[in-house]
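Numbering-wise, the UniProt record's numbering puts 173 at position 173 of the sequence shown, and it's gapless, one number per residue. One structure below.
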Amino acid sequence: MAEDHELVKIDSTGVQREFIASQLDDFLLEGMHVEDLFTTAEKQTLIRQELENLRALSDDKCIHGYITMTLYEGKSIMQTMVDYGLISDIYSLHDKEVLKKLSQEWCMSFTDQPIDDIKLYFGESVALYFKFIGFYTTALLIPSILGSIQIFLTTDTLPYYCVMNFLWVIIFLEMWKRKSNELAFKWGTIGMTSLDEPQPNYRGKLGIDPISGKLQPQYPRWKTNMKMLTWQEKKNAKDTSSSNLLDDTTHIPLASRIPCLSSDDPRIEQANRECTLDEYLGTYDDYLELYIQFGYVILFSSVYPLAALFAVLNNVLEIRADAFKLCKTCKRPPACKVKNIGAWQRAFEIIGAMSIMTNCGLLWLSPKLRDYGKTMGFSELEYTFAFVVLEHCLLGIRYVLHQAIPEKPEWVRIALAKKNYIAKEALKKETVWCRIKTKEILQNILYEKIHIHDNYPGDRLNGIEVDMLQSHLVGVEIK
1 MAEDHELVKI DSTGVQREFI ASQLDDFLLE GMHVEDLFTT AEKQTLIRQE
51 LENLRALSDD KCIHGYITMT LYEGKSIMQT MVDYGLISDI YSLHDKEVLK
101 KLSQEWCMSF TDQPIDDIKL YFGESVALYF KFIGFYTTAL LIPSILGSIQ
151 IFLTTDTLPY YCVMNFLWVI IFLEMWKRKS NELAFKWGTI GMTSLDEPQP
201 NYRGKLGIDP ISGKLQPQYP RWKTNMKMLT WQEKKNAKDT SSSNLLDDTT
251 HIPLASRIPC LSSDDPRIEQ ANRECTLDEY LGTYDDYLEL YIQFGYVILF
301 SSVYPLAALF AVLNNVLEIR ADAFKLCKTC KRPPACKVKN IGAWQRAFEI
351 IGAMSIMTNC GLLWLSPKLR DYGKTMGFSE LEYTFAFVVL EHCLLGIRYV
401 LHQAIPEKPE WVRIALAKKN YIAKEALKKE TVWCRIKTKE ILQNILYEKI
451 HIHDNYPGDR LNGIEVDMLQ SHLVGVEIK
(Lines of atoms letter the chains of each structure in order from A and count residues from 1; the text may use other names and numbers.)
(Lines give C-alpha, C1' and ligand atoms only; values in the text may rest on other atoms or scores of the structure.)
Protein backbone atom coordinates (compact mmCIF):
# COMPACT_ATOMS: atom_id res chain seq x y z
CA MET A 1 0.00 0.00 0.00
CA ALA A 2 2.77 2.44 0.96
CA GLU A 3 4.68 1.56 -2.20
CA ASP A 4 1.62 2.12 -4.40
CA HIS A 5 1.12 5.60 -2.94
CA GLU A 6 4.83 6.47 -3.36
CA LEU A 7 5.37 7.21 0.33
CA VAL A 8 8.74 8.87 0.98
CA LYS A 9 10.81 7.50 3.87
CA ILE A 10 14.38 7.89 5.10
CA ASP A 11 16.53 4.81 4.55
CA SER A 12 19.38 3.55 6.72
CA THR A 13 21.88 5.73 4.82
CA GLY A 14 19.94 8.91 5.63
CA VAL A 15 18.67 9.40 2.08
CA GLN A 16 15.01 10.15 1.44
CA ARG A 17 13.43 7.97 -1.23
CA GLU A 18 10.19 6.24 -2.07
CA PHE A 19 9.38 3.23 0.06
CA ILE A 20 9.84 -0.16 -1.65
CA ALA A 21 8.42 -3.20 0.13
CA SER A 22 11.06 -5.56 -1.26
CA GLN A 23 13.74 -3.35 0.34
CA LEU A 24 12.11 -3.21 3.77
CA ASP A 25 15.36 -3.79 5.65
CA ASP A 26 16.86 -0.66 4.09
CA PHE A 27 14.20 1.49 5.79
CA LEU A 28 14.47 -0.05 9.26
CA LEU A 29 16.71 2.25 11.26
CA GLU A 30 18.76 1.03 14.19
CA GLY A 31 16.51 -0.26 16.98
CA MET A 32 13.33 0.17 14.90
CA HIS A 33 10.66 -2.52 14.68
CA VAL A 34 8.50 -3.12 11.63
CA GLU A 35 5.37 -1.87 13.40
CA ASP A 36 7.14 1.45 14.10
CA LEU A 37 8.14 2.04 10.47
CA PHE A 38 5.08 4.15 9.64
CA THR A 39 3.81 6.97 11.82
CA THR A 40 0.17 7.19 12.91
CA ALA A 41 -0.37 10.05 10.46
CA GLU A 42 1.10 8.00 7.59
CA LYS A 43 -1.07 5.00 8.45
CA GLN A 44 -4.10 7.26 8.57
CA THR A 45 -3.29 8.77 5.18
CA LEU A 46 -2.73 5.39 3.52
CA ILE A 47 -5.99 3.94 4.81
CA ARG A 48 -7.93 7.07 3.86
CA GLN A 49 -6.54 7.03 0.33
CA GLU A 50 -7.36 3.34 -0.09
CA LEU A 51 -10.96 3.92 0.96
CA GLU A 52 -11.31 7.01 -1.21
CA ASN A 53 -9.97 5.09 -4.21
CA LEU A 54 -12.82 2.59 -4.05
CA ARG A 55 -14.55 3.75 -7.22
CA ALA A 56 -17.36 2.32 -9.32
CA LEU A 57 -16.56 0.45 -12.53
CA SER A 58 -18.48 0.63 -15.79
CA ASP A 59 -20.87 -2.20 -14.80
CA ASP A 60 -21.58 -0.80 -11.32
CA LYS A 61 -24.93 0.98 -11.50
CA CYS A 62 -25.83 1.23 -7.81
CA ILE A 63 -24.69 0.32 -4.29
CA HIS A 64 -25.22 -3.42 -3.81
CA GLY A 65 -28.61 -3.93 -2.19
CA TYR A 66 -29.67 -0.28 -2.59
CA ILE A 67 -31.19 0.37 -6.01
CA THR A 68 -31.84 4.06 -5.35
CA MET A 69 -28.16 4.76 -4.59
CA THR A 70 -26.98 5.14 -8.17
CA LEU A 71 -23.37 5.08 -9.31
CA TYR A 72 -21.52 6.10 -12.44
CA GLU A 73 -18.12 4.95 -13.60
CA GLY A 74 -15.38 6.50 -11.50
CA LYS A 75 -17.66 7.68 -8.68
CA SER A 76 -16.37 7.26 -5.13
CA ILE A 77 -18.31 4.48 -3.41
CA MET A 78 -17.53 5.71 0.11
CA GLN A 79 -18.58 9.28 -0.70
CA THR A 80 -21.81 8.00 -2.27
CA MET A 81 -22.65 6.04 0.88
CA VAL A 82 -22.03 9.16 2.95
CA ASP A 83 -24.16 11.33 0.65
CA TYR A 84 -27.10 8.92 0.85
CA GLY A 85 -26.79 8.54 4.62
CA LEU A 86 -25.82 4.88 4.54
CA ILE A 87 -22.72 5.88 6.48
CA SER A 88 -23.54 8.45 9.13
CA ASP A 89 -20.01 9.70 9.72
CA ILE A 90 -16.41 8.87 8.89
CA TYR A 91 -13.56 9.92 11.14
CA SER A 92 -10.38 8.67 12.79
CA LEU A 93 -10.16 7.75 16.44
CA HIS A 94 -7.64 9.43 18.72
CA ASP A 95 -4.76 7.43 20.15
CA LYS A 96 -5.31 8.11 23.85
CA GLU A 97 -1.79 7.41 25.08
CA VAL A 98 -0.01 9.34 22.33
CA LEU A 99 -2.46 12.26 22.55
CA LYS A 100 -2.13 12.50 26.33
CA LYS A 101 1.65 12.72 26.12
CA LEU A 102 1.48 15.22 23.27
CA SER A 103 -1.05 17.47 25.01
CA GLN A 104 1.07 17.61 28.18
CA GLU A 105 4.15 18.71 26.22
CA TRP A 106 2.19 21.09 24.02
CA CYS A 107 -0.81 22.65 25.76
CA MET A 108 0.70 23.10 29.21
CA SER A 109 4.15 24.28 28.18
CA PHE A 110 5.34 27.72 27.13
CA THR A 111 8.62 26.46 25.70
CA ASP A 112 9.27 25.38 22.11
CA GLN A 113 6.44 23.43 20.52
CA PRO A 114 6.99 19.70 19.82
CA ILE A 115 6.65 20.20 16.05
CA ASP A 116 8.00 16.76 15.15
CA ASP A 117 5.51 15.05 17.48
CA ILE A 118 2.68 17.19 16.07
CA LYS A 119 3.68 16.14 12.56
CA LEU A 120 3.79 12.45 13.51
CA TYR A 121 0.28 12.59 15.00
CA PHE A 122 -1.66 15.25 13.07
CA GLY A 123 0.31 15.38 9.82
CA GLU A 124 2.35 17.97 7.95
CA SER A 125 -0.42 20.52 7.37
CA VAL A 126 -1.21 21.06 11.05
CA ALA A 127 2.45 20.91 12.07
CA LEU A 128 3.42 23.52 9.48
CA TYR A 129 0.71 25.91 10.70
CA PHE A 130 1.96 25.72 14.28
CA LYS A 131 5.55 26.09 13.14
CA PHE A 132 4.54 29.20 11.18
CA ILE A 133 2.70 30.85 14.06
CA GLY A 134 5.63 30.06 16.38
CA PHE A 135 8.16 31.45 13.89
CA TYR A 136 5.99 34.51 13.28
CA THR A 137 5.53 35.18 17.00
CA THR A 138 9.25 34.91 17.67
CA ALA A 139 9.99 37.28 14.79
CA LEU A 140 7.42 39.76 16.14
CA LEU A 141 9.61 40.32 19.20
CA ILE A 142 11.81 42.69 17.16
CA PRO A 143 9.07 45.16 16.07
CA SER A 144 7.38 44.85 19.47
CA ILE A 145 10.57 45.96 21.25
CA LEU A 146 11.17 48.75 18.74
CA GLY A 147 7.55 49.84 19.02
CA SER A 148 7.73 49.95 22.82
CA ILE A 149 10.79 52.17 22.59
CA GLN A 150 9.21 54.41 19.94
CA ILE A 151 6.30 55.22 22.26
CA PHE A 152 8.68 57.15 24.52
CA LEU A 153 10.46 58.94 21.68
CA THR A 154 9.47 61.95 19.60
CA THR A 155 7.97 61.80 16.11
CA ASP A 156 11.38 62.69 14.68
CA THR A 157 12.39 59.03 14.98
CA LEU A 158 9.11 57.65 13.59
CA PRO A 159 10.35 57.40 9.96
CA TYR A 160 13.34 55.38 11.14
CA TYR A 161 11.04 53.05 13.06
CA CYS A 162 8.89 52.54 9.95
CA VAL A 163 11.93 51.79 7.80
CA MET A 164 13.07 49.19 10.34
CA ASN A 165 9.60 47.65 10.21
CA PHE A 166 9.74 47.42 6.42
CA LEU A 167 13.09 45.67 6.56
CA TRP A 168 11.75 43.31 9.23
CA VAL A 169 8.79 42.31 7.05
CA ILE A 170 11.01 41.53 4.08
CA ILE A 171 13.57 39.52 6.05
CA PHE A 172 10.88 37.68 8.05
CA LEU A 173 9.06 36.45 4.93
CA GLU A 174 12.29 35.41 3.19
CA MET A 175 13.57 33.58 6.26
CA TRP A 176 10.25 31.79 6.64
CA LYS A 177 10.50 30.65 3.04
CA ARG A 178 13.88 29.13 3.87
CA LYS A 179 12.52 27.51 7.02
CA SER A 180 9.51 26.00 5.21
CA ASN A 181 11.80 24.53 2.53
CA GLU A 182 13.98 23.11 5.27
CA LEU A 183 10.98 21.46 6.93
CA ALA A 184 9.63 20.23 3.59
CA PHE A 185 12.92 18.49 2.88
CA LYS A 186 13.06 17.04 6.37
CA TRP A 187 9.49 15.74 6.06
CA GLY A 188 9.94 14.44 2.52
CA THR A 189 7.38 16.75 0.92
CA ILE A 190 9.68 19.15 -0.93
CA GLY A 191 9.27 17.21 -4.16
CA MET A 192 5.48 17.14 -4.06
CA THR A 193 3.78 17.70 -7.42
CA SER A 194 0.22 18.10 -8.64
CA LEU A 195 -0.10 14.32 -9.14
CA ASP A 196 -2.02 13.81 -5.89
CA GLU A 197 -4.92 11.43 -5.55
CA PRO A 198 -8.25 13.02 -6.56
CA GLN A 199 -10.74 13.78 -3.82
CA PRO A 200 -13.59 11.28 -3.40
CA ASN A 201 -16.21 13.81 -4.56
CA TYR A 202 -14.30 14.63 -7.76
CA ARG A 203 -16.53 13.57 -10.65
CA GLY A 204 -15.28 11.99 -13.85
CA LYS A 205 -15.08 8.76 -15.81
CA LEU A 206 -12.18 6.46 -15.08
CA GLY A 207 -9.29 6.79 -17.50
CA ILE A 208 -5.53 6.39 -17.69
CA ASP A 209 -3.70 9.47 -16.43
CA PRO A 210 -1.22 10.48 -19.18
CA ILE A 211 1.45 11.45 -16.63
CA SER A 212 1.28 8.83 -13.88
CA GLY A 213 -0.25 6.01 -15.94
CA LYS A 214 -2.71 5.30 -13.12
CA LEU A 215 -6.44 4.75 -13.44
CA GLN A 216 -8.04 8.01 -12.26
CA PRO A 217 -11.31 9.87 -12.86
CA GLN A 218 -11.06 12.20 -15.84
CA TYR A 219 -13.15 15.30 -16.52
CA PRO A 220 -13.10 17.35 -19.76
CA ARG A 221 -11.23 20.63 -19.40
CA TRP A 222 -13.90 22.66 -21.19
CA LYS A 223 -16.57 21.47 -18.75
CA THR A 224 -14.35 22.42 -15.83
CA ASN A 225 -13.79 25.89 -17.26
CA MET A 226 -17.53 26.36 -17.71
CA LYS A 227 -18.27 25.44 -14.11
CA MET A 228 -15.42 27.55 -12.76
CA LEU A 229 -17.38 30.60 -13.86
CA THR A 230 -19.68 30.02 -10.89
CA TRP A 231 -17.87 27.73 -8.48
CA GLN A 232 -14.41 26.33 -7.89
CA GLU A 233 -13.77 22.71 -8.86
CA LYS A 234 -11.54 21.12 -6.26
CA LYS A 235 -9.59 18.10 -7.40
CA ASN A 236 -6.58 17.86 -5.09
CA ALA A 237 -6.76 17.93 -1.31
CA LYS A 238 -4.28 20.79 -1.03
CA ASP A 239 -6.37 22.92 -3.42
CA THR A 240 -9.07 23.22 -0.77
CA SER A 241 -6.87 25.52 1.32
CA SER A 242 -7.41 28.23 -1.33
CA SER A 243 -11.18 27.92 -1.05
CA ASN A 244 -13.68 28.67 1.68
CA LEU A 245 -15.32 25.30 1.07
CA LEU A 246 -13.44 23.07 3.49
CA ASP A 247 -14.71 19.50 3.33
CA ASP A 248 -12.83 17.51 5.96
CA THR A 249 -12.51 13.86 4.96
CA THR A 250 -11.43 11.06 7.24
CA HIS A 251 -11.28 7.36 6.92
CA ILE A 252 -12.44 5.17 9.80
CA PRO A 253 -16.21 4.47 9.91
CA LEU A 254 -18.25 4.58 13.09
CA ALA A 255 -17.36 1.53 15.12
CA SER A 256 -21.03 1.01 16.02
CA ARG A 257 -21.67 0.10 12.38
CA ILE A 258 -18.90 -2.53 12.14
CA PRO A 259 -20.49 -5.96 12.70
CA CYS A 260 -17.19 -7.75 13.42
CA LEU A 261 -16.75 -5.84 16.70
CA SER A 262 -18.45 -7.04 19.84
CA SER A 263 -20.84 -4.68 21.59
CA ASP A 264 -18.51 -4.31 24.58
CA ASP A 265 -15.45 -3.42 22.49
CA PRO A 266 -13.87 -0.26 24.01
CA ARG A 267 -13.42 1.23 20.54
CA ILE A 268 -17.21 1.44 20.16
CA GLU A 269 -17.50 3.50 23.33
CA GLN A 270 -14.63 5.72 22.18
CA ALA A 271 -16.19 6.17 18.73
CA ASN A 272 -19.57 7.09 20.23
CA ARG A 273 -17.89 9.57 22.54
CA GLU A 274 -15.75 11.19 19.85
CA CYS A 275 -18.61 11.47 17.35
CA THR A 276 -20.01 14.29 19.50
CA LEU A 277 -16.78 16.31 19.23
CA ASP A 278 -16.48 19.26 16.87
CA GLU A 279 -14.97 18.75 13.44
CA TYR A 280 -11.69 20.53 12.72
CA LEU A 281 -12.17 22.26 9.37
CA GLY A 282 -8.51 22.66 8.50
CA THR A 283 -6.00 25.47 8.85
CA TYR A 284 -7.70 27.99 6.54
CA ASP A 285 -9.43 29.99 9.29
CA ASP A 286 -6.30 29.86 11.46
CA TYR A 287 -4.13 31.31 8.70
CA LEU A 288 -6.81 33.91 7.97
CA GLU A 289 -6.68 35.15 11.58
CA LEU A 290 -2.90 35.52 11.38
CA TYR A 291 -3.17 37.25 8.01
CA ILE A 292 -5.60 39.85 9.37
CA GLN A 293 -3.43 40.38 12.43
CA PHE A 294 -0.31 40.72 10.26
CA GLY A 295 -2.09 43.40 8.25
CA TYR A 296 -2.97 45.44 11.33
CA VAL A 297 0.58 45.17 12.65
CA ILE A 298 2.46 46.32 9.54
CA LEU A 299 -0.05 48.42 7.58
CA PHE A 300 -0.54 50.90 10.41
CA SER A 301 2.68 50.52 12.40
CA SER A 302 3.43 54.23 12.03
CA VAL A 303 0.13 55.10 13.74
CA TYR A 304 0.22 52.51 16.55
CA PRO A 305 3.72 51.10 17.23
CA LEU A 306 2.48 48.89 20.10
CA ALA A 307 0.42 46.69 17.76
CA ALA A 308 3.28 44.18 17.45
CA LEU A 309 3.54 43.80 21.23
CA PHE A 310 -0.14 42.96 21.62
CA ALA A 311 0.13 40.58 18.66
CA VAL A 312 2.87 38.66 20.49
CA LEU A 313 0.75 38.34 23.63
CA ASN A 314 -2.24 37.23 21.58
CA ASN A 315 -0.26 34.61 19.65
CA VAL A 316 1.23 33.06 22.78
CA LEU A 317 -2.31 32.39 24.00
CA GLU A 318 -3.55 31.48 20.51
CA ILE A 319 -1.00 28.67 20.17
CA ARG A 320 -2.15 27.07 23.42
CA ALA A 321 -5.83 27.62 22.61
CA ASP A 322 -5.49 25.98 19.18
CA ALA A 323 -3.50 23.12 20.69
CA PHE A 324 -6.17 22.55 23.34
CA LYS A 325 -8.86 22.64 20.65
CA LEU A 326 -7.14 19.95 18.60
CA CYS A 327 -6.30 17.72 21.54
CA LYS A 328 -9.46 18.04 23.63
CA THR A 329 -12.48 19.36 21.75
CA CYS A 330 -12.13 18.20 18.13
CA LYS A 331 -12.20 14.95 16.25
CA ARG A 332 -8.89 13.83 14.90
CA PRO A 333 -8.42 15.58 11.53
CA PRO A 334 -7.12 13.71 8.49
CA ALA A 335 -3.39 14.06 7.95
CA CYS A 336 -2.55 16.12 4.89
CA LYS A 337 0.87 16.47 3.29
CA VAL A 338 1.99 19.98 2.31
CA LYS A 339 5.35 21.45 1.33
CA ASN A 340 4.64 25.10 2.24
CA ILE A 341 1.82 27.38 3.34
CA GLY A 342 0.67 27.68 -0.25
CA ALA A 343 -1.15 30.82 -1.40
CA TRP A 344 -0.72 32.40 2.03
CA GLN A 345 2.98 33.01 1.32
CA ARG A 346 2.11 35.19 -1.65
CA ALA A 347 -0.68 36.89 0.32
CA PHE A 348 1.71 37.85 3.12
CA GLU A 349 4.24 39.14 0.57
CA ILE A 350 1.59 41.29 -1.13
CA ILE A 351 0.44 42.85 2.11
CA GLY A 352 4.10 43.41 3.03
CA ALA A 353 4.58 45.43 -0.16
CA MET A 354 1.36 47.33 0.51
CA SER A 355 2.63 48.29 3.97
CA ILE A 356 5.40 50.34 2.38
CA MET A 357 2.86 52.47 0.52
CA THR A 358 0.37 52.81 3.40
CA ASN A 359 2.96 53.80 5.98
CA CYS A 360 4.64 56.27 3.63
CA GLY A 361 1.21 57.77 3.03
CA LEU A 362 0.45 57.97 6.77
CA LEU A 363 3.81 59.59 7.45
CA TRP A 364 3.16 62.08 4.64
CA LEU A 365 -0.14 63.03 6.31
CA SER A 366 1.42 63.49 9.76
CA PRO A 367 1.04 67.16 10.84
CA LYS A 368 4.18 67.03 12.98
CA LEU A 369 6.28 65.74 10.09
CA ARG A 370 4.81 68.44 7.83
CA ASP A 371 5.81 71.09 10.34
CA TYR A 372 9.25 69.51 10.57
CA GLY A 373 9.52 69.64 6.77
CA LYS A 374 8.65 73.33 6.75
CA THR A 375 11.32 74.07 9.34
CA MET A 376 13.80 72.30 7.04
CA GLY A 377 12.75 74.60 4.21
CA PHE A 378 10.88 72.01 2.11
CA SER A 379 8.09 73.19 -0.14
CA GLU A 380 4.90 71.12 -0.47
CA LEU A 381 6.13 69.61 -3.73
CA GLU A 382 9.57 68.80 -2.32
CA TYR A 383 8.00 67.29 0.79
CA THR A 384 5.77 65.01 -1.32
CA PHE A 385 8.61 64.10 -3.66
CA ALA A 386 10.77 63.04 -0.69
CA PHE A 387 8.18 60.44 0.37
CA VAL A 388 7.78 59.19 -3.20
CA VAL A 389 11.54 58.68 -3.39
CA LEU A 390 11.51 56.93 0.02
CA GLU A 391 8.73 54.60 -1.12
CA HIS A 392 10.54 53.64 -4.33
CA CYS A 393 13.81 53.12 -2.47
CA LEU A 394 12.12 50.75 -0.02
CA LEU A 395 10.45 48.84 -2.85
CA GLY A 396 13.86 48.56 -4.51
CA ILE A 397 15.43 47.27 -1.29
CA ARG A 398 12.61 44.74 -1.04
CA TYR A 399 13.36 43.45 -4.53
CA VAL A 400 17.12 43.26 -3.88
CA LEU A 401 16.67 41.31 -0.63
CA HIS A 402 14.14 39.02 -2.30
CA GLN A 403 16.71 38.15 -4.95
CA ALA A 404 19.73 38.05 -2.62
CA ILE A 405 18.32 35.68 0.01
CA PRO A 406 18.11 32.12 -1.42
CA GLU A 407 14.85 30.27 -0.85
CA LYS A 408 16.62 27.07 0.22
CA PRO A 409 19.43 26.78 2.78
CA GLU A 410 22.79 25.63 1.42
CA TRP A 411 22.59 22.21 3.08
CA VAL A 412 19.15 21.58 1.57
CA ARG A 413 20.41 22.45 -1.92
CA ILE A 414 23.36 20.09 -1.46
CA ALA A 415 21.12 17.31 -0.14
CA LEU A 416 18.72 17.69 -3.08
CA ALA A 417 21.62 17.62 -5.54
CA LYS A 418 22.95 14.49 -3.83
CA LYS A 419 19.51 12.88 -4.03
CA ASN A 420 19.25 13.65 -7.74
CA TYR A 421 22.75 12.29 -8.32
CA ILE A 422 21.93 9.03 -6.53
CA ALA A 423 18.73 8.68 -8.56
CA LYS A 424 20.66 9.31 -11.78
CA GLU A 425 23.31 6.73 -10.88
CA ALA A 426 20.63 4.19 -9.98
CA LEU A 427 19.01 4.76 -13.36
CA LYS A 428 22.35 4.18 -15.08
CA LYS A 429 22.87 0.91 -13.20
CA GLU A 430 19.35 -0.18 -14.09
CA THR A 431 20.01 0.59 -17.76
CA VAL A 432 23.27 -1.38 -17.73
CA TRP A 433 21.56 -4.30 -16.00
CA CYS A 434 18.79 -4.32 -18.62
CA ARG A 435 21.37 -4.32 -21.41
CA ILE A 436 23.21 -7.27 -19.85
CA LYS A 437 20.01 -9.26 -19.40
CA THR A 438 18.93 -8.48 -22.96
CA LYS A 439 22.28 -9.66 -24.26
CA GLU A 440 22.03 -12.91 -22.28
CA ILE A 441 18.52 -13.59 -23.56
CA LEU A 442 19.49 -12.99 -27.19
CA GLN A 443 22.58 -15.16 -26.81
CA ASN A 444 20.45 -17.98 -25.42
CA ILE A 445 17.99 -17.66 -28.30
CA LEU A 446 20.82 -17.75 -30.84
CA TYR A 447 22.43 -20.75 -29.11
CA GLU A 448 19.16 -22.68 -29.02
CA LYS A 449 18.48 -22.09 -32.72
CA ILE A 450 21.98 -23.15 -33.72
CA HIS A 451 21.72 -26.18 -31.42
CA ILE A 452 18.46 -27.21 -33.09
CA HIS A 453 20.07 -26.80 -36.49
CA ASP A 454 22.97 -29.10 -35.47
CA ASN A 455 20.69 -31.84 -34.13
CA TYR A 456 18.03 -31.60 -36.79
CA PRO A 457 19.64 -30.94 -40.16
CA GLY A 458 16.27 -30.82 -41.84
CA ASP A 459 15.28 -27.80 -39.78
CA ARG A 460 17.42 -25.14 -41.42
CA LEU A 461 18.10 -21.94 -39.54
CA ASN A 462 17.25 -18.97 -41.67
CA GLY A 463 20.43 -16.99 -42.43
CA ILE A 464 18.57 -13.73 -42.22
CA GLU A 465 17.36 -14.71 -38.74
CA VAL A 466 20.93 -15.35 -37.57
CA ASP A 467 22.12 -12.02 -38.96
CA MET A 468 19.28 -10.25 -37.20
CA LEU A 469 20.10 -11.84 -33.83
CA GLN A 470 23.78 -11.11 -34.23
CA SER A 471 23.05 -7.48 -35.05
CA HIS A 472 21.00 -7.24 -31.84
CA LEU A 473 23.92 -8.65 -29.87
CA VAL A 474 26.17 -5.97 -31.31
CA GLY A 475 23.56 -3.35 -30.41
CA VAL A 476 23.56 -4.31 -26.73
CA GLU A 477 27.31 -4.81 -26.46
CA ILE A 478 28.63 -3.06 -23.34
CA LYS A 479 31.15 -0.47 -24.39
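Even for Gly, the Cβ is constructed at its ideal location relative to N, Cα and C. It should be emphasised that the depicted structure is a prediction, and the values quoted were computed from it without experimental measurement.
Beta carbon of residue i nearer than 9 angstroms to that of residue j
i: F135; j: W176; result: yes
i: A184; j: F122; result: no
i: R398; j: F172; result: no
i: N315; j: I133; result: yes
i: T155; j: S366; result: yes
i: R48; j: K408; result: no
i: T80; j: I63; result: yes
i: E97; j: I405; result: no
i: L401; j: I170; result: yes
i: C107; j: C327; result: yes
Between the CA atoms of residue j and residue i - distance to the nearest angstrom
i: V297; j: G352; result: 10 angstroms
i: L153; j: P305; result: 11 angstroms
i: L51; j: N444; result: 46 angstroms
i: R413; j: D265; result: 51 angstroms
i: L99; j: R273; result: 16 angstroms
i: F348; j: M69; result: 45 angstroms
i: S125; j: K119; result: 8 angstroms
i: T358; j: L299; result: 6 angstroms
i: D58; j: L71; result: First, the residue type needs correcting, since residue 58 is Ser and not Asp in the sequence shown. Straight-line Cα distance between these residues: approximately 9 angstroms.
i: I20; j: S148; result: 56 angstroms
i: E73; j: G282; result: 30 angstroms
i: A423; j: K43; result: 26 angstroms
i: L29; j: L416; result: 21 angstroms
i: I142; j: M164; result: 10 angstroms
Extent of the continuous alpha helix (DSSP H) run through residue i
i: D137; result: Per the sequence shown, the amino acid found at residue 137 is Thr instead of Asp. Start and end: E124 to A139.
i: I268; result: P266 to E274
i: Y160; result: L158 to W187
i: I67; result: Unbroken run through I67 is the beta strand (DSSP E), Y66 to T70; no alpha helix (DSSP H).
i: M108; result: Neither: M108 is in no alpha helix (DSSP H) and is coded neither H nor E.
i: K305; result: Correcting the residue identity first, residue 305 is Pro in this sequence and not Lys. Premise fails: P305 is in no alpha helix (DSSP H) and is neither H nor E.
Nearest residue (CA-CA) to residue i, options the options
i: A46; options: P334, E382 and T384; result: As written in the sequence, residue 46 is Leu, which differs from the Ala given in the question. For the residues P334, E382 and T384, the minimum Cα distance to L46 belongs to P334.
i: K61; options: S76, K437 and P409; result: S76
i: I10; options: A321, G188 and R370; result: G188
i: L313; options: S301, K331 and Q293; result: Q293
i: A308; options: G282, G295 and A56; result: G295
i: S144; options: A127, V126, W168 and D156; result: W168
i: L37; options: A347, A56 and L7; result: L7
i: D278; options: L290, R332, T384 and D286; result: R332
i: E318; options: A127, R346 and D286; result: D286
i: G65; options: L86, E430, C327 and L102; result: L86
i: Y91; options: Q270, Q113 and C434; result: Q270
Close Cβ partners of residue i (< 8 angstroms) along its chain, the five nearest in sequence each way excluded
i: P395; result: Going by the sequence as given, residue 395 is Leu instead of Pro. So the list reads A353 and I356, once near-sequence residues are dropped.
Sequence-distant residues of its chain with Cβ nearer than 6 angstroms to residue i (five each side left out)
i: L140; result: A308, A311 and V312
i: C330; result: L277, D278 and Y280
i: V432; result: none
Where the beta strand (DSSP E) through residue i begins and ends
i: Y280; result: Looking at the DSSP string, Y280 is not in any beta strand (DSSP E), and its letter there is neither H nor E.
Own chain partners of residue i with C-beta closer than 7 angstroms, once the 5 adjacent residues on each side are dropped
i: Y161; result: L146, Q150 and P305
i: V388; result: none
i: K302; result: Residue identity check: residue 302 is Ser in the sequence provided, not Lys. Cβ within range, chain order: L158, C162, N359, L362 and L363.
Any chain C beta carbon closer than 9 angstroms to residue i
i: T384; result: As a matter of chain content, chain C is missing from the structure shown, which is built from one protein chain.
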